[in-house]
Amino acid sequence: MVRFTTFMSTLASSTSSTNLTLPTIPDYSDDLEWVTAYLVQRMLSESSWVYAWLLWIVVGVIFIALTLMHWAGFRGGYLGAIWSGWALRRRTWRKKHSLAVAMKTGQPHRQPDSLPSNAQILAVCTLFIGALVLSFVGPDYLAPGAQLWNYHSHPIASIQKRAYDTADYTFLQPQFTIPKAWWTSGGRTGLIAFALFPLTVLFALKAPPFAIFSSRFFTQLGFDKLAFLHRWCGILVWLLATLHTALWSVQLATDRRPSTHKVGYIYAWKYEKFIFAWAAYGCFTLLIICSLPPIRRHHYEAFWFLHVLFVPLTLIMSALHHPPLAWWCYAALALWVGERCYRFTWWLNTNGFLGGKQAYEPYLTLRRSPSQVQPETVPMHALDQPGAVGKLPTLPRIDPTATAPVGHPASMTGFGYSPPPGYVHAELMPGKTVRVRIVTPGFLSWAPGQHFLVNIPAVSRFTSHPFTVGSVCDMQAPHSSARELVFFVRAKKGWTKDLWDMVCHLTARGMKYPQGERIPACPLPQKGVLMRGFIDGPFGSASRAKWGDHSTVLLIAGGSGVSFTLSVLEYICMCMAGRDGKELGGRPGGYGKSWFKTRRAAQEKIRLDLDEEDIADISMVAERARGGRPNFHKILVDEVEQSKGSVIVGCCGPTSLNAVVRKSIAAQINPARIRQGDYRGQISLVAEDFGY
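So that you can map any letter, position 2 of the sequence shown is 2 in full-length UniProt numbering, and since no number is skipped, the others follow by simple counting.
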């Protein structure tokens, strides 16, 4: 309490004394000694570090608040519904322009670009405003005696080699508070940039316990949700570093050495830490350029390698630039290296390098072949006739209790052949899609909807790509193939196209594995090819979803997003068949448990809901269908009205699909219903966008 009073009184008295001048620097004959004294004199005092600590106090308070709200199920009540109704929305960019272009050209209307959700925009604005407030509000340089905490016991590192010891010149530092100056503002922006390094890295981590935001004990937000904040936090740090560079450049260009009348910039290049500063800023700038969306999307491999190169270089160069604050950089570097080492150890265990390999069972008799399923068909051109939409066949709902024995129901994504552990079974599918299946040698569990990083050395030795798993982990099954990972890889560019081309090449030549690939003594598949494969994961925020806490589950997929919905659908069906969700990688509960609320729908039939313009646009059924989407709003309204409680929507697909679904959900959330005890007004969303 005494220190707080001292801080406030010193601050009040010192801010009014703006005519105080800095101590005179002795006329050292050595240029390096003079510039060392000059720069040390203009170094922020330890008292000024309070702004960095205030930043982390605010971050800690927000983190604890989000954790408590997650534990308490904040989104499940009246206030949560009000928040969700606003936060879920994604505004569109230039919607009227895209409509005008469609009408002018006569082409189908393309969905306009979508802005981030309101919650994401709020988070980024809060981050930027908070950092700028701590960078510019209040005096920059606090007198050494005005402090809330005592830092004098903290060791200050210094570089002795080819430089003077900075501790020998601290007597030149001002002993009074300086509200604003070029160098004080430059130093303060640099301070906040240093303090934001660990937060930027934390947003990028994927694996707990280092990825504290992803831990099930806290917010359980994975990198798929934090990647947006990671990118913008990195941009914020770069902007602060740019301000730091610009403000200090003005100071160095303004000040002149009395004995030579030359600007300080000339002598600064003789100072080793100044060179480290420009090296750090150069690496950081290249890092930002290489992370721009066009490079990240179209040249992911280059983006990944350059990221791994420039991240440690930026942190190390920054630490060498200003040793008194180097521990912020070393903390960020320790988090990054620690998580990489932890994931590497986990990767070795999962992929069988540390032993514990599971027994290999090449064939399964419990699973039905897809050829045994005979779906009802529709004649081609059936929709060309007037009123044909009403004649579309209805599909009976599946009774989950009758699909398989109660003990271990057959997997919906099961296949007759099971690849040997550690090897990928890749099969060609329509739509330039490759179905990839792998059983890991080491035991591995995952939650429905999570994703993995897949590496196939025959395609790319060092590169791995993220894909959402389309199967469920059955931890109680007697055979390891019940923990088979299934991925649907859509060929586009880069790695995915290379995979498609390789499987096509091998299949066309009748080869079952790439030349030079070492295949164990095992039966070869009748279709597809075998290749060595490695898995890293699981990752993703889908593990925080409480599917069984809702009366109705609505799943929406677009393109290869079907992987996400397949795994969730299989999980729900198995839970409704009596299985415990905890045994399937999810949360405890299943049919017959009081806390498992999901029930069979009241309707025994499902129908095809299409927009009128989409109905007219469909030319063939079972052969091809033109562009068009279901009427999500109508489907959601019907499901909400027929539900007996809250609704949860799972959505995975392009960003435009995500935006449409969010808009429909936000329009149907009704806090007034919840206040009256009708929980049909509560709608939760678990969403994944394409992209990484």
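Think of the CB as a built atom: it goes at the ideal place given N, C-alpha and C, for glycine as much as any other residue. Model, not experiment: these values are computed from the prediction.
- Boundaries of the alpha helix (DSSP H) harbouring L132: 118 to 136, taken from the DSSP string.
- CA-to-CA, the gap between G422 and D474 works out to about 18 Å.
- Minimum Cα-Cα distance from T184 among the listed residues P209, D140, Q173, I212 corresponds to D140.
- R461 has its alpha-carbon roughly 34 Å from the corresponding atom of P116.
- The continuous stretches of alpha helix (DSSP H) do not include D30, and DSSP gives it neither H nor E.
- Secondary structure note for T433: its beta strand (DSSP E) is the uninterrupted segment 433 to 438.
- Counting C-beta atoms within 10 angstroms of its own C-beta, D689 has 16 or more neighbours from the protein chains shown and is therefore classed as buried.
- Sequence-distant Cβ neighbours of L444 in its own chain, meaning closer than 6 Å and more than five residues away, are T350.
- Taking each of Y28, S567, L39, Q676 in turn and checking the Cα distance to W269, the smallest one comes out for L39.
- Considered as a whole, the segment 453 to 510 harbours 495 to 508 as its complete alpha helix (DSSP H) runs of no fewer than 4 residues, in chain order.
- Contact between the segment 297 to 304 and the segment 238 to 255 is not established, with fewer than three Cβ pairs separated by less than 8 Å.
- According to the DSSP secondary-structure assignment, A687 is paired through a beta bridge with C651.
- With 16 or more other Cβ atoms from the protein chains shown falling within 10 Å of its own Cβ, F488 counts as buried.
- Going by DSSP, G537 is part of the beta strand (DSSP E) stretching over 534 to 539.
- In terms of CA proximity to C504, T433 leads the group T166, I192, T433.
- DSSP places R42 outside both helix and strand once states are collapsed to three, so it counts as coil.
- Counting C-beta pairs with one atom in each stretch, the segment 552 to 564 and the segment 645 to 656 have three or more that are closer than 8 Å, which means they touch.
- Within its own chain, no residue has a Cβ closer than 6 Å to the Cβ of H322 once the five positions on either side in sequence are excluded.
- The C-alpha of P312 is placed about 7 Å away from the C-alpha of L333.
- Between L199 and A123 the beta-carbon gap is near 12 Å, outside 8 Å, which marks them as no contact.
- By the Cβ-count criterion, S259 is exposed, with fewer than 16 other Cβ atoms from all chains shown falling within 10 Å of its own Cβ.
- Taking all protein chains shown into account, R90 has 16 or more neighbouring C-beta atoms within 10 Å of its C-beta and is therefore buried.
- The shortest C-alpha to C-alpha distance from P514 to any of A227, A426, W53 is the one to A426.
- Counting the other Cβ atoms within 10 Å of the Cβ of I456 gives 16 or more, which makes it buried.
- In this structure, Q450 lies away from E583, with their beta-carbon atoms at least 7 Å apart.
- Taking the Cα of D536 as reference, the smallest distance to any Cα among M574, A491, T468 is reached at T468.
- Here DSSP, grouped into helix, strand and coil, assigns S551 to coil.
- Between A143 and F176, the C-beta gap is smaller than 7 Å, which places the two residues in contact.
- The residues T413, R437, G470, S471, in chain order, have a CB closer than 6 Å to that of V486 in the same chain once the five nearest residues on each side in sequence are set aside.
- For E427, the uninterrupted beta strand (DSSP E) run begins and ends at 423 to 429, by DSSP.
- W336 and S567 have their alpha carbons spaced roughly 31 Å apart.
- Shown here, I288 sits in a helix according to DSSP, grouped into three states.
- The beta carbon of T440 sits closer than 6 Å to those of T350, I535, all from its chain and outside the five residues before and after it, given in chain order.
- Per DSSP, W336 is one residue of the alpha helix (DSSP H) stretching across 326 to 350.
- The segment 662 to 679 makes no contact with the segment 570 to 585: fewer than 3 CB pairs, one atom from each, lie closer than 8 Å.
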